[in-house]
Amino acid sequence: DAATGEWEWQDSTGGGSGTNDLAVIDTVSTLAAQTGSIVFTRGYWSVGDGGQAVYRKDSGSAEATNTVTVFTCTAGGRYLLVNDGIISAKQAGAAGDGVSDDHDYLQALFDACPNITARLDPLSYFSTGGLTVPVGVNVIAKDASLNCETTALDRAVTLRDNTTWDGGSVTCTWISGGMSDDDHCAFRIGEYTSGVSSTNIAIRNVTVETTKLDSIGIFITSASSGILLDNIHYPDSSTIGAPIEIHWGFDTDPTLGTFHPHDITIRGLNVGDIDGASNASTGVIVSAGYNITVDNAAQHLTGDYGYRYSGLTNQIIGNVAFRNIYCKKATYRGLWAHGIQDGTTATTRPIVFENCTITGSRGTGYTNVGCYASEIRNVMFRNITAAGFTYGGTIGSNVERITFDGGVFADCAAAGLLFANSTLKNAVVSGVTLENNQWNGSGAGAAGLYITDGSLIEVKNCNFGNIITEPSQEEGVYIRSPATKVTLIGNHVRNVKAAGVNIAYDLGTPSETQNLSLWDNNTAAAGITLTAGPVNLPILTRNTLRVFTGTGIPTTGTFTVGDMVMVNSSVSGPWMWVCTATGTPGTWVAGAYPIIVGAAVNADYTWTPSASPNIVVVDAATPLTSNRTFTLSTSGAVQGMTVEFVRNDAGAFTFSFAGKAVPANSSATAMYDTGGWRLIRFSTL
4 DAATGEWEWQ DSTGGGSGTN DLAVIDTVST LAAQTGSIVF TRGYWSVGDG GQAVYRKDSG
64 SAEATNTVTV FTCTAGGRYL LVNDGIISAK QAGAAGDGVS DDHDYLQALF DACPNITARL
124 DPLSYFSTGG LTVPVGVNVI AKDASLNCET TALDRAVTLR DNTTWDGGSV TCTWISGGMS
184 DDDHCAFRIG EYTSGVSSTN IAIRNVTVET TKLDSIGIFI TSASSGILLD NIHYPDSSTI
244 GAPIEIHWGF DTDPTLGTFH PHDITIRGLN VGDIDGASNA STGVIVSAGY NITVDNAAQH
304 LTGDYGYRYS GLTNQIIGNV AFRNIYCKKA TYRGLWAHGI QDGTTATTRP IVFENCTITG
364 SRGTGYTNVG CYASEIRNVM FRNITAAGFT YGGTIGSNVE RITFDGGVFA DCAAAGLLFA
424 NSTLKNAVVS GVTLENNQWN GSGAGAAGLY ITDGSLIEVK NCNFGNIITE PSQEEGVYIR
484 SPATKVTLIG NHVRNVKAAG VNIAYDLGTP SETQNLSLWD NNTAAAGITL TAGPVNLPIL
544 TRNTLRVFTG TGIPTTGTFT VGDMVMVNSS VSGPWMWVCT ATGTPGTWVA GAYPIIVGAA
604 VNADYTWTPS ASPNIVVVDA ATPLTSNRTF TLSTSGAVQG MTVEFVRNDA GAFTFSFAGK
664 AVPANSSATA MYDTGGWRLI RFSTL
């Protein structure tokens, strides 16, 4: 009213083509015929269907029309949807009845919402085909459900850069067709076969389901980064392969190499029973990605055979952490670290499993393992509680630098931990409790830790046997050839099976006992035989080395068990001997480790180490008479092996060791690393 300056509400049933600035109409079907500057609609398709909205006329606009935010005006210009930063699916024409095909309307909604929010009303939406959320679109779907029926390209929702999806449920219902790799998923981030990546994406508070066998819930691929998956739920399923899979991608141009997803956080994953047709169904798969954290989730695996094709050896793979995981029934692998890159060489950065509780089913026709590693370097299982498996933990081929730190391995049918692979190098078991574990379920000679192969294995500060009553384990540690260079320090066997073998440490035959590198401060509770083997320990102890320059082992003097002597290097046979029985002169057996030899100091010296640590000593009685060179062979050397060179003489000349001039009364240590020897310590004695 021009006289009062107030709006007068007038229905448009009088024709809607007058000069009124405000009109109220039933649906968008008559929006184009309006001329007012503001138009209200009572619905999208019909009055009261939830699609009511306000549209503002822009007489000068020639913007492309759509079915959501921009409508034509016959009188000229455009009608633009007025919004407060949120547009609903009903305002885009979606029915939300779970039956009508909402595909075109939902896609139109997403396409119309760059840098604003698309809201799925709390209804059921059905789509024939997948949907794409374009760059900059945020989707709120609290209490809404979306079911995408797919053929051929088998994915429900594709997310582009700078997008979010919050709430509701998304189901990918497979009908037919489908190709491979980046298909068969409810959410897709990145494109596997093209190398296209996406970044800055969050999926929160969503229930995810798929129906195709071995399908994927959320698939992250190529070099996609900056991804957050928070509070994701996947219900019981007999078809799912992986609720979440993070997998390298590639470009069809082979010169461009491969692409690796990175900087990804997954937290609050809740997975139901996914023990379906595929025994390898896994909560989270990480394949050739890096800087990835999975926190507070269920069921888990890192690495698959995709590493076999993942590109150049200098690409970053690893820095993956699984923390606070609970898995109530792992029927194949509980925690699995597998890291092939070129098919033969394990080249990953650290993989960490920490504070995880896993339970198995003791096998159902295949090996059921709690913690498993193969073809990998730098993997740690820290504070793991594993129970009810065939093996609490075991090792496949080509594993180096693996650590079990803390935790409990109990109630496993075959063994708590089993090391039985010749390619295992540099393993540490520290502060672990192993109790109520049986060997092959029989209990005959059952031990908590079995070591039958591998090298450079250190077991320290571990407890064996249930502290109250031990029903299964008859031994704490069982060691046999061809395992070599095993170190036992500060372990304690607190209980064994009452009617069992009752041996704390079973060390095998006399020749096998010499495969020990070090024995120190290992104990057993009262009534338990400390060791089985050629001597009743200690076999090797520290800081009891005596050097002899004679032609054989000492024949005079009083020695105690564990004393070691080094004899002249010209003696035929071993240079180091270990006292195994107290007396004068004592009873001696050849000691293999650590290797200690007297250097032929007045000649250039070449040596092939065969153990770690290696100690080479220049006797004080034979000083250098000229400059010499000590060459370390790389043959047979393994990563982390060390050699210590000690000069006890007062000679005026220097000795070149690992590229360093070592003067008299000095020592130096070299370590084998990345294919060569490098000096890591130099000191004056």
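With the working numbering as the guide, the letters of the sequence shown map in order to residues 4 to 688. Where is the CB? At the ideal position from N, CA and C, for every residue including glycine. As the structure is a prediction and not an experimental result, all values here were calculated from the model.
Report task. Out of A501, V462, S425, Q476, state which residue places its alpha-carbon closest to the alpha-carbon of D484. Result -> A quick correction: the sequence has Ser, not Asp, at residue 484. Nearest to S484 by alpha-carbon distance, out of A501, V462, S425, Q476, is S425.
**Report entry** Residues near I683 by beta carbon distance below 6 Å, same chain, minus five either side
**Finding:** Result list for I683: T672, M674, in chain order.
Query - 8 Å contact criterion, which S225 and Y195 should meet: CB distance rounded - result: 6 Å between Cβ atoms; contact.
Query raised in the report: What did DSSP end up calling D307 once you bin it into helix, strand or coil?
Result: The predicted position of D307 is uncertain, since its pLDDT is 49 and thus under 50; a value taken from the coordinates is nonetheless stated next. It is coil, neither helix nor strand.
Report task. Pair every Cβ in the region 43 to 51 with every Cβ in the region 73 to 92, then say whether three or more of these pairs are closer than 8 Å. Result -> Segments in contact, no.
Query raised in the report: Taking buried to mean at least 16 other C-beta atoms within 10 Å of its own C-beta, is R681 buried or exposed?
Result: Classification for R681: exposed.
Query raised in the report: DSSP state of K93, grouped into three classes?
Result: DSSP places K93 in helix when its eight states are reduced to three.
Query raised in the report: With distances taken between CB atoms, is the gap from E477 to G503 smaller than 7 Å?
Result: Taking a C-beta distance under 7 Å as the contact criterion, E477 and G503 qualify as a contact pair.
Requested in this report: Go through its chain and collect everything with a Cβ distance to S179's Cβ below 7 Å, but skip five positions before and after it.
Outcome: Around S179: T154.
Query raised in the report: Grouping DSSP H, G and I as helix and E and B as strand, with all else coil, what is D217?
Result: In this structure, D217 counts as coil in the three-state DSSP scheme.
Query raised in the report: If we call anything under 7 Å between Cβ atoms a contact, is L231 one with A205?
Result: Going by C-beta atoms, L231 is nearer than 7 Å to A205.
**Report entry** Under the three-state DSSP convention, the category Y108 falls into
**Finding:** The answer is helix: DSSP assigns Y108 an H, G or I state.
**Report entry** Exposure of P264, with buried meaning 16 or more beta-carbon neighbours within 10 Å
**Finding:** Residue environment for P264: buried (at least 16 other C-beta atoms within 10 angstroms of its C-beta).
Query raised in the report: With a Cβ-Cβ cutoff of 7 Å, do M383 and V402 count as a contact?
Result: No, they are not a contact pair.
Requested in this report: Measure from the alpha carbon of N150 to the alpha carbon of each residue in T120, A111, H106, then state which is nearest.
Outcome: Ranking T120, A111, H106 by CA distance to the CA of N150 puts H106 first.
**Report entry** Reference Y82; option with closest CA among T455, S62, G511
**Finding:** Closest option to Y82, Cα to Cα, is S62.
Query raised in the report: Under 7 Å, do A430 and I405 count as touching if we go by C-beta distance?
Result: In contact: A430 and I405 (Cβ atoms closer than 7 Å).
**Report entry** Opening and closing residue of the beta strand (DSSP E) in which N69 lies
**Finding:** No beta strand (DSSP E) contains N69, which DSSP labels as neither H nor E.
Requested in this report: Taking only the alpha-carbon atoms, compute the straight-line gap between T210 and G643 and give it to the nearest angstrom.
Outcome: Their backbone Cα atoms lie some 47 Å apart in a straight line.
Query raised in the report: Can you tell me whether I470 is buried or exposed, with buried defined as 16 or more other CB within 10 angstroms of its CB?
Result: Residue environment analysis places I470 among the exposed positions, since fewer than 16 neighbouring C-beta atoms fall within 10 angstroms of its C-beta.
Requested in this report: In the DSSP assignment, find the beta strand (DSSP E) that holds V199 and state where it starts and stops.
Outcome: Premise fails: V199 is in no beta strand (DSSP E) and is neither H nor E.
Query - Distance between V665 and S686 (C-alpha atoms, nearest Å) - result: Their backbone Cα atoms lie some 9 Å apart in a straight line.
**Report entry** Host beta strand (DSSP E) of W48 (start-end)
**Finding:** That residue, W48, is in no beta strand (DSSP E); it is neither H nor E in DSSP.
Query - Cβ-based neighbour list, K331, same chain, cut-off 7 Å, excluding 5 preceding and 5 following - result: Around K331, the same chain offers T362 as residues with beta carbons nearer than 7 Å, after the five sequence neighbours per side are excluded.
Report task. Quick one: which unbroken alpha helix (DSSP H) runs of 4-plus residues sit fully inside the region 460 to 545? Chain order, please. Result -> Scanning the region 460 to 545 from its first residue to its last, the whole alpha helix (DSSP H) runs of 4-plus residues come out as 513 to 516.
Query raised in the report: Who are the near neighbours of Y108 in its chain, counting only those whose CB is closer than 6 Å to its CB and skipping five residues on each side?
Result: The answer, listed in chain order, is A95, G96, A97.
**Report entry** Nearest-angstrom beta carbon gap, L134 and F113 [assumed within contact, 8 Å]
**Finding:** At roughly 7 Å, the Cβ-Cβ gap stays under 8 Å, so F113 and L134 are in contact.
Requested in this report: Report yes if the C-beta distance between H236 and S290 is below 7 Å; otherwise report no.
Outcome: Going by C-beta atoms, H236 is not nearer than 7 Å to S290.
Query raised in the report: Over what stretch of residues does the beta strand (DSSP E) that includes K145 continue unbroken?
Result: Neither: K145 is in no beta strand (DSSP E) and is coded neither H nor E.
Report task. Quick one: using the 10 Å Cβ neighbour count with 16 as the cut-off for buried, is S32 buried or exposed? Result -> Label assigned to S32: exposed.
Query raised in the report: Does the distance from the C-beta atom of N165 to that of V142 stay below 7 Å?
Result: No. Outside cutoff.
Report task. Keeping to the same chain, check which residues put their C-beta closer than 8 Å to that of L420; ignore five residues upstream and five downstream. Result -> By the criterion of a C-beta distance shorter than 8 Å, L420 is surrounded in its chain by Y394, G395, G396, T397, F407, F412, V432, V435, L437, G451, L452, Y453, once the five residues flanking it on both sides are discounted.
Query - Cα-Cα separation between G314 and S197, rounded to whole angstroms - result: With a pLDDT of only 46 at G314, under 50, the local geometry of the prediction cannot be trusted, and no value is derived from it.
Report task. With S228 as the anchor, note down where its beta strand (DSSP E) starts and where it stops. Result -> Taken as a continuous stretch (DSSP letters only), the beta strand (DSSP E) holding S228 covers 228 to 237.
Query raised in the report: In three-state DSSP terms, what is D408?
Result: Strand at D408.
Query - Counted within 10 angstroms of its Cβ, other Cβ atoms place P117 as buried (16 or more) or exposed - result: By the neighbour-count rule (16 or more Cβ atoms within 10 Å), P117 is not buried but exposed.
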